[in-house]
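*Asks:*
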Amino acid sequence: MTTTRRSFIRGTGLGLLSFTVAGSAVMLTPRDARARGASFQVLNNEEVELTEAFGEALVPGARESGIAHFIDQQLSVDANDALLMIKYFNVQPPYVDFYRTGLTALNNYSRTVHDKPFTALDDETANALITTISNSIPEGWEGPPAPLFYLMMRSDAVDVVYGTVEGFERLGVPYRPHILPPDL
Amino acid sequence: MNKTTEIVIVGAGAAGSMYAAMLAEAGKSVTVLEGGPPWRPADLYSSQQWARRLKWAEPHAEEPAGVSLWFNFNAGRGYGGAALHHFGVWPRFHEEDFKESSLYGKGIDWPLEYQDLRPYYDRVQADIGIAGDAEAEIWRPDGDPYPLPPVPRFAQGDILKKGFELRGMHTAPVPVAVLTRPYKGRSACLWDGWCEAGCPIGALGNPLVEYIPRAEKAGAVLQPHSQVTRILTDKRGRRATGVEYYDAQGERNELHAEFVVLAAFGIENCRILLNSASDRHPDGLANSSGLVGAYVMSHASANLFGMFDADTQNHMGLNGGQIINQDRFGKVRQDGPFGSRQFIAGLAVKPNDLLGIAMSRADLFGTKLDDFMHRAVRNMTNMVTISEDQPLRSNRIELSRHQDAHGLPLAKIVYKASPDALALWHDGVAEGKKILAAAGAKEIWNSPQGAQHIIGGTIMGDEPAESVTNKYSQTHDIDNLFIGGAGVFPTASAANPTFTLHATSMLSAEYLRDNFDSL
Ligand SMILES: Cc1cc2nc3c(=O)[nH]c(=O)nc-3n(C[C@H](O)[C@H](O)[C@H](O)COP(=O)(O)OP(=O)(O)OC[C@H]3O[C@@H](n4cnc5c(N)ncnc54)[C@H](O)[C@@H]3O)c2cc1C
Ligand code: SF4
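Protein chains in written order, with numbering that gives the first Met the number 0: chain X, 0 to 183; chain D, 0 to 518.
(1) Enumerated in chain order, which unbroken segments of the alpha helix (DSSP H) with a length of 4 residues or greater are wholly contained in the region 59-95 of chain D?
(2) Examine chain D for any beta-carbon lying closer than 8 Å to the beta-carbon of phenylalanine 88 (chain X), and answer yes or no.
(3) Measuring only from the beta carbon, is phenylalanine 108 (chain D) closer than 7 Å to any heavy atom that is part of ligand 2?
(4) Any heavy atom of ligand 1 within a distance shorter than 7 Å of the CB on glutamine 226 (chain D)?
(5) Given 8 Å as the limit, is there contact between the region 13-25 of chain D and the region 205-223 of chain D, that is, 3 or more CB pairs closer than that?
(6) Of all the CB atoms in chain X, is at least one closer than 8 Å to the CB of glutamine 222 (chain D)?
(7) Grab me the residues of tyrosine 119 (chain D)'s own chain with a C-beta within less than 7 Å of its C-beta, minus the 5 sequence neighbours each way, in chain order.
(8) Bridge partners for tyrosine 414 (chain D) per DSSP, in chain order?
(9) I need the boundaries of the beta strand (DSSP E) containing asparagine 302 (chain D), first residue and last residue.
(10) Hey, is tryptophan 138 (chain D) close to ligand 3, as in C-beta under 7 Å from one of its heavy atoms?
(11) Just checking glutamate 267 (chain D) against ligand 1 - is the residue's beta carbon closer than 7 Å to any of the ligand's heavy atoms?
(12) 8 Å is my cut-off, CB to CB: does serine 133 (chain X) come that close to chain D?
(13) Apply the 10 Å Cβ neighbour rule to serine 38 (chain X) and answer buried if 16 or more other Cβ atoms are within range, or exposed otherwise.
(14) Please return the same chain residues whose Cβ sits closer than 6 Å to the Cβ of proline 336 (chain D), not counting the five positions on each side in sequence.
(15) For glycine 162 (chain X), return the contacting residues in chain D, with the cut-off set at a CB-CB distance below 7 Å.
(16) Residues of the region 40-67 of chain X in Cβ contact with chain D at a cutoff of 7 Å, in chain order, please.
(17) Say whether chain D places a C-beta atom closer than 8 Å to the C-beta of arginine 175 (chain X).
(18) Going by beta-carbon coordinates alone, are serine 64 (chain X) and arginine 30 (chain X) separated by less than 8 Å?
(19) Report yes if the C-beta distance between alanine 436 (chain D) and leucine 159 (chain D) is below 8 Å; otherwise report no.
(20) May I have the straight-line CA-CA distance separating arginine 175 (chain X) from proline 463 (chain D), to the nearest angstrom?
(21) Could one say the Cβ of threonine 30 (chain D) lies closer than 8 Å to chain X's Cβ atoms, at least one of them?
(22) If we define contact as Cβ-Cβ less than 8 Å, is glutamine 72 (chain X) a contact residue for chain D?
(23) Can you list, in chain order, the residues of its chain whose CB lies under 6 Å from that of threonine 499 (chain D), leaving out five sequence neighbours each side?
(24) With serine 287 (chain D) and serine 492 (chain D) assumed to form a contact (beta carbons below 8 Å), what rounded beta-carbon distance in angstroms separates them?
(25) By the criterion of Cβ-Cβ separation under 8 Å, what are the contact partners of methionine 84 (chain X) in chain D?
(26) Within its chain, find whatever has a CB closer than 7 Å to the CB of alanine 347 (chain D); leave out the 5 residues flanking it on each side and keep chain order.
(27) Does any residue of chain D bring its CB to less than 8 Å from the CB of glutamate 99 (chain X)?
(28) Near threonine 3 (chain X), what residues of its chain come up, given a Cβ to Cβ distance below 8 Å and the 5 sequence neighbours on each side ignored?
(29) With leucine 398 (chain D) as the anchor, note down where its beta strand (DSSP E) starts and where it stops.
(30) Given this structure, state the Cα-to-Cα distance separating valine 227 (chain D) from glutamate 253 (chain D), to the nearest angstrom.
(31) Just by C-beta distance, which residues in the region 237-263 of chain D are closer than 9 Å to chain X?
(32) Closer than 7 Å by beta-carbon distance: list the chain D residues that pair up with isoleucine 129 (chain X), in chain order.
(33) Quick one: does the C-beta of threonine 497 (chain D) sit closer than 7 Å to a heavy atom of ligand 1?
(34) With respect to 7 Å, is the separation between the Cβ of glycine 204 (chain D) and the closest non-hydrogen atom of ligand 2 below this value?
(35) Phenylalanine 307 (chain D) and asparagine 324 (chain D) - do their beta-carbons sit closer together than 8 Å?
(36) Pick out whichever of X:Leu179, X:Leu13, X:Glu165 and X:Pro180 has its Cα sitting closest to the Cα of leucine 83 (chain X).
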């Protein structure tokens, strides 16, 4: 495989998705969308920051792999066309409600227990909080079931970090695609 | 807009496409109304994320959290249905699966015996191409040998086979609807493990490779984005006159037909029948027995994972696996639960998705997850235990108080795996762990209980008071209404259902074809 080909398919597996950079629609991987500062359609700044921090804590590399851009872009398309794991879990679209209330619950819970937003927690405290919400609905949690929210965010992070041609390469697994996803 | 056709088929999945091919080839005018998109092989991208487009977003069923029937996982959307991205593991049901009540006083007898279905199994396997080693499958009932040589084994298949052998258990190559060499113009498998995303080269026998092309060639009209909501009946409520559906623009339409075949997957079939209630059929159509929705079943399953020192090549092969063991298929065991169970081992996995490597340890995150991923992609093995569920009247599909976009109630799933299935599940997990230990696994773990396949809900039987259809999948109440799919099975077996539902659908389609003028 040539370098050019390699760089072309970098990040596909997720395909090139439609992002807006400086007012123009461009086809990019979520990673490149983040690197080029593509604007968000659905999530606000606080939600983006929180998505990136939580995603990174769940799967190292998620921030740079564009987890916030991936989720944001997916929340802006028709739910039937969405590529999100949440589709398996019988959650009523629009999925933005699930993500938004989950992110709010995460921050509120962090504030209640630690007096700070999740983004301000040190690694050890963040990890302990994540362990708690991964297997129980702690008192004071108000949002979608905490373990389900953990599982969905973790799955999205896994998708952007490991579920791409580049992610496979990093793990040392041949991708061996029949047909790669198109540019949408 | 109201149109007419001789036969309307609801759903272009496994069962619907079989009916469409057989009836169109018999010269009937056939229209297939499919709720989802018109997938073609070129739409099937090798990506676990993109595979999710083959799933419904809106829930069709209200389902309690936790262990249930997993509708959204088990159902598919668009041409090919769930069968478009199914794994192609196609064992036959065993003779005793058809008569559990008379043999053991459990379950419900089918109105058919294995020997009645055997010729249909043989014909389906010749149509689609199944790979296997009939002699090595010492448990297999009578049947023609497989048309294709068995699947190869890769490293994890060898490792796990040894584990079974050390426990005194037998294995055979898993029988699969996958081509091990070119067959009828279709390409052979490349063993790259993308089956769950749909096989675009046609190596896996999904509806897009055999029955949909045959149906279209014979003139059947497939109409995508046409969501059927109700079956219409004549004034006296004796015959179906067609169906109501909503098109891509959200417009209500009627398609009138002489025959209706409902093949929209088990739960949706029940929902459509229940939503078709009228003055003449206040409890829903074809429901004089009160059994539409009853006896819904699944297969209690668990994936069992082992971490080995050796390179397991777990990215190679089929998502369906490499070897099968049915040593525990016998229904009765001393002091143990009733029913069959089987293992399928050596399933190819990808890093992500519901059945992927990362999900196998959903408790891990951060650097621990990353370390695990790097080891597991190289050294993990994957096998599954599948247990028979019992038909319980209390497990059922009802109508929900929640509605869809057209104002019709969703299905409501009321289901708990039968006590026998749960006990078999525990036995399967315990035995699977011993097999992994014997094979030399350094770490062993399993997934939570899952629900694979959805069976029952519109069961067949001889007695109209005790079943919804007769042995031809024709409803007892409405002569010109047929039901396709595993919903008509009165028992679940532990064998994966899709080969058998092709056989029952072929039998049914042939009966409809041959009796078209008199029914
Ligand atoms: C991941 C996975 C792996 C599997 N692996 C295996 C395996 O290895 N072996 C095996 O035996 N089985 C397997 N199965 C099960 C197999 O896919 C099903 O048994 C089979 O597809 C059921 O056939 P069906 O015709 O009843 O439904 P489907 O094939 O799902 O077809 C139903 C069709 O109806 C359409 N539809 C639904 N509602 C409506 C409506 N209201 N109006 C119009 N159309 C509608 C759907 O879009 C779909 O196209 C697997 C399933 C999954 C999800
Ligand atoms: S492993 Fe074989 S059957 Fe599965 S997607 Fe690849 S070529 Fe198709």
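All C-beta atoms, glycine included, are put in the ideal place defined by N, C-alpha and C.
*Replies:* Taking the coordinates as given:
(1) Fully enclosed alpha helix (DSSP H) runs of 4 or longer: 70-73.
(2) It does; some Cβ of chain D falls within 8 Å.
(3) It should be pointed out that residue 108 (chain D) corresponds to aspartate in this sequence rather than to phenylalanine. No, the Cβ of aspartate 108 (chain D) stays beyond 7 Å of every heavy atom of ligand 2.
(4) Yes, since a heavy atom of ligand 1 falls inside the 7 Å radius drawn around the Cβ of glutamine 226 (chain D).
(5) In the pairwise beta carbon analysis, the region 13-25 of chain D is classified as touching the region 205-223 of chain D: at least three pairs are separated by under 8 Å.
(6) It does not; no Cβ of chain X falls within 8 Å.
(7) Close CB contacts of tyrosine 119 (chain D) within its chain, under the 7 Å cut and outside five residues either way in sequence, are with Ala502, Met505 and Leu506 (chain order).
(8) Tyrosine 414 (chain D) has no beta-bridge partner at all, per DSSP.
(9) Counting along the chain, the beta strand (DSSP E) containing asparagine 302 (chain D) begins and ends at 296-306.
(10) Among the ligands in the structure shown, ligand 3 does not appear; only ligand 1 and ligand 2 can be found there.
(11) Under cutoff, so the answer is yes.
(12) Contact of serine 133 (chain X) with chain D is assigned, a C-beta pair being separated by under 8 Å.
(13) Under this definition serine 38 (chain X) is an exposed residue.
(14) The beta carbon of proline 336 (chain D) sits closer than 6 Å to those of Asp419, Ala422 and Leu423, all from its chain and outside the five residues before and after it, given in chain order.
(15) Within chain D, the residues whose beta carbon sits less than 7 Å from that of glycine 162 (chain X) are Gln47, Gln48, Pro350 and Asn351, listed in sequence order.
(16) Answer in chain order: Ala56, Leu57, Val58 and Pro59.
(17) Output row for arginine 175 (chain X): interface = yes.
(18) Taking 8 Å as the cut-off, the Cβ atoms of serine 64 (chain X) and arginine 30 (chain X) count as close.
(19) No, the pair does not count as a contact, with Cβ atoms beyond the cut-off.
(20) Cα to Cα, the separation comes out at about 52 Å.
(21) Not an interface residue.
(22) So no, glutamine 72 (chain X) is outside the interface.
(23) The answer, listed in chain order, is Phe92.
(24) Their Cβ separation, rounded to whole angstroms, is 28 Å, which puts serine 287 (chain D) and serine 492 (chain D) out of contact at 8 Å.
(25) The answer, in chain order, is Arg51, Asp352 and Leu353.
(26) Within the same chain, Gly192, Asn313, His314, Met315, Gly316, Leu317 and Asn318 come within 7 Å of alanine 347 (chain D) by CB-CB distance, once the 5 residues on both sides are set aside.
(27) The amino acid at residue 99 (chain X) is misidentified as glutamate; the sequence shows arginine. With 8 Å as the cut-off, arginine 99 (chain X) does not count as an interface residue toward chain D.
(28) The predicted position of threonine 3 (chain X) is uncertain, since its pLDDT is 35 and thus under 50; no value can be drawn from it.
(29) From DSSP, the beta strand (DSSP E) with leucine 398 (chain D) extends over 395-402.
(30) It is roughly 9 Å from the alpha-carbon of valine 227 (chain D) to the alpha-carbon of glutamate 253 (chain D).
(31) The region 237-263 of chain D vs chain X, Cβ under 9 Å: nothing.
(32) In chain order: Phe364.
(33) Taking 7 Å as the cut-off, the C-beta of threonine 497 (chain D) counts as close to a heavy atom of ligand 1.
(34) The answer is no for glycine 204 (chain D).
(35) Taking 8 Å as the Cβ cut-off, asparagine 324 (chain D) and phenylalanine 307 (chain D) do not qualify as a contacting pair.
(36) Check the Cα spacing between leucine 83 (chain X) and each of X:Leu179, X:Leu13, X:Glu165 and X:Pro180: the tightest is with X:Leu13.
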